[in-house]
Amino acid sequence: MRIEIISSDDWKRLRDLRLRVLQDSPEWFAAIHAIESQRDETEWREEAKKSHWRVITNGEDIGLMAVSAAEPIRECDCWLSSCW
28 MRIEIISSDD
38 WKRLRDLRLR
48 VLQDSPEWFA
58 AIHAIESQRD
68 ETEWREEAKK
78 SHWRVITNGE
88 DIGLMAVSAA
98 EPIRECDCWL
108 SSCW
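This is how it looks when you write it as structure tokens:
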């Protein structure tokens with residue numbers, strides 16, 4: 028298994044996996060598949076830049092996680108979200 032960083036050039040990969048996640052486990056996420064699926068390339072590229080997305084892969088993409096700078100109130104360096 029490997030963990031790979033998603034860049035804005037990998038926006039299609041992020042889009043496809045994020046939409047798969049929202050179909051598979053909608054109750055775990057605040058986003059809605061019908062809305063996310065309407066995003067265009069520019070929006071997906073921005074999403075890839077906004078959070079440091081990681082993909083867990085083992086020949087195919089099997090996991091996803093966003094790593095973001097934490098807000099000061101959280102008293103930590105980073106915040107993990109969108110874990111699947």
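Numbered per the numbering used here, the sequence shown finishes at 111, counting up by one with no gaps.
From the three backbone atoms N, C-alpha and C, an ideal C-beta is built for every residue, glycine too.
Mark residue i as exposed unless 16 or more other C-beta atoms lie within 10 angstroms of its C-beta, in which case mark it buried.
| i | result |
| --- | --- |
| L14 | This structure cannot speak to residue 14, because the chain is shown only from 28 to 111. |
| L41 | buried |
| S109 | buried |
| W106 | exposed |
| A55 | The sequence shown places Trp at residue 55, not Ala. Classification for W55: exposed. |
| A57 | exposed |
Once DSSP output is grouped into helix, strand and coil, what is the label at residue i?
| i | result |
| --- | --- |
| I100 | helix |
| I89 | strand |
| W111 | coil |
| R66 | coil |
| A75 | helix |
| A57 | coil |
Using the DSSP secondary-structure output, state which residues sit across from residue i in a beta bridge.
| i | result |
| --- | --- |
| E31 | V82 |
| V48 | None, per the DSSP bridge assignment. |
| S95 | W106 |
Closest by CA to residue i, which one among the options?
| i | options | result |
| --- | --- | --- |
| S34 | N85, A58, H79, E102 | H79 |
| L44 | M92, E70, R29, A57 | M92 |
| E73 | D37, R29, W111, M28 | D37 |
| R81 | V94, A57, P99, C103 | V94 |
| A96 | K76, E87, N85 | K76 |
Is any heavy atom of the ligand MG found at a distance shorter than 6 Å from the C-beta of residue i?
| i | result |
| --- | --- |
| P99 | The model on display carries no ligand, and the ligand MG is accordingly not part of it. |
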